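To start, the structure under review is shown below, and the notes come after it.
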Amino acid sequence: MKRMQKWGLLLAMSALIMILLAACGGENKATNEGGEGSSAPGSASPSPEVIEETPEPSPTVRTVTTLAGTVDIPANPERIVLTYDDDVDHFLALGLKPVAAPLYDRDDNINGYLPYLADQLEGMGTFPLSTDFEPIVAAEPDLLVAGYHHREVLTELQKIAPTVYFEWDVDWRKTHLEMGRLLNLEEKAKSNVDAFNAEMEITKTYVADAIGDEPVAFIKVRQNQLELYGGPGTGSSASFILYDLLGLTPVKDAATDTWGAQFSLESFTGLEAEHLFLLVQGNDENAALVDDLLSNELYKNVPAIQKGQVYKVNSYPWERGGPIVFTEGMKQIREMIKP
88 MKRMQKWGLL LAMSALIMIL LAACGGENKA TNEGGEGSSA PGSASPSPEV
138 IEETPEPSPT VRTVTTLAGT VDIPANPERI VLTYDDDVDH FLALGLKPVA
188 APLYDRDDNI NGYLPYLADQ LEGMGTFPLS TDFEPIVAAE PDLLVAGYHH
238 REVLTELQKI APTVYFEWDV DWRKTHLEMG RLLNLEEKAK SNVDAFNAEM
288 EITKTYVADA IGDEPVAFIK VRQNQLELYG GPGTGSSASF ILYDLLGLTP
338 VKDAATDTWG AQFSLESFTG LEAEHLFLLV QGNDENAALV DDLLSNELYK
388 NVPAIQKGQV YKVNSYPWER GGPIVFTEGM KQIREMIKP
């Protein structure tokens, strides 16, 4: 009897152990399944909601402060009209081609365009430089860029289209950086100025070796007369290049308080320039005068003529221009002047 009770107790204990083991196995299975991502309904963590941000639209108008006051201009103008032909250089350098600009009508024009830019300006409209607004209106500008010829009529131009105004400065770099600021192209403008400055430094070193402190003269021939340009700080592009930027020495006859003055043929016989830059403007009479200067026995004692150090130059960049022609001008100086 006791043996049967003993076996019964053992069987009961075994059954209890089996029940406990089964229960533990079920919990482990549920835990494992939950760890693999399969859980009972209602127990899963909700996925985070993805909220897509809508980008703000780019502004279509920019408010800028100019010499003519505050004005709202297109953020990305598509029909730019210039009223000063020099500004064409600046805008092409910034990657912007105007739809119209004043006609360039000097003898060296190519289809009414600046000769050194003509191949880039094909298709650009032109109009006579005047205060007649009809051709400007016809060009349908969304941005007008006024030069000094139109500084007195800015209010009228504003009625046609948003207008910005740039004052001419002999140091074109100031104007170019200001244009870059107003047009939101600061980095491009700075890059253009940096490229010029690099060429200028190369040329400055070159002419210091080739010319040193030998006296230099810049003479323009026009209307069958000579004009001797002034020295540093006198405001012409020629004096700015030769004396202010490159540090060359002007002849003693060069003015110190004005951009230039008439220079007689009698005075030319005594010109002490070792290097002579000649700008010939206009007609055949002027060209004939230059030929006479360089071949006539009267002028053979001018040092620059004696030594063959006479350099004929064009209007650009010696009278005006922008980053394209001024940068190219630095290279031309190195090509003209032999060490």
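Numbering (my numbering), first residue to last: 88 to 426.
Even glycine gets a Cβ: it sits at the ideal position worked out from N, Cα and C.
Being a predicted model, the structure only gives us computed values, none of them experimental.
Beyond the five residues adjoining it in sequence on each side, Val308 comes within less than 6 Å, by CB distance, of Val367, Asn373, Leu376 and Val377 in the same chain, given in chain order. DSSP lists no beta-bridge partner residue for Tyr386. The beta carbon of Pro249 lies closer than 8 Å to those of Val158, Asp159, Ile160, Pro161, Asp229, Leu230 and Leu231 in the same chain, with the five residues before and after it left out. The residues Thr262, in chain order, have a CB closer than 8 Å to that of Asp256 in the same chain once the five nearest residues on each side in sequence are set aside. If you compare the alpha carbons of Ile420, Glu209, Glu288 and Gly395 with that of Tyr403, the shortest gap goes to Ile420. Counting C-beta pairs with one atom in each stretch, the region 282-291 and the region 323-339 have three or more that are closer than 8 Å, which means they touch. In the DSSP assignment, Thr242 falls within the unbroken alpha helix (DSSP H) covering Leu241 to Gln245.
Shown here, Gln312 sits in a strand according to DSSP, grouped into three states. Put simply, of Arg166, Asn401 and Phe413 the residue whose alpha carbon is nearest the alpha carbon of Asp281 is Phe413. Leaving aside the five residues that flank Asp173 on each side, the residues in its chain whose CB is nearer than 8 Å to its CB run, in chain order, Gly234, Trp255, Arg407, Gly408 and Gly409. In this chain, the alpha helix (DSSP H) harbouring Gly267 covers Trp259 to Leu269. When beta bridges are read from the DSSP output, Val303 appears opposite Pro337 and His362. Going by DSSP, Tyr398 is part of no alpha helix (DSSP H) but of the beta strand (DSSP E) stretching over Val397 to Val400.
Annotation for Ala391: Ala360, Glu361, His362, Leu363 and Val397 place their beta carbon closer than 7 Å to its own, counting only its chain and skipping 5 residues before and after.
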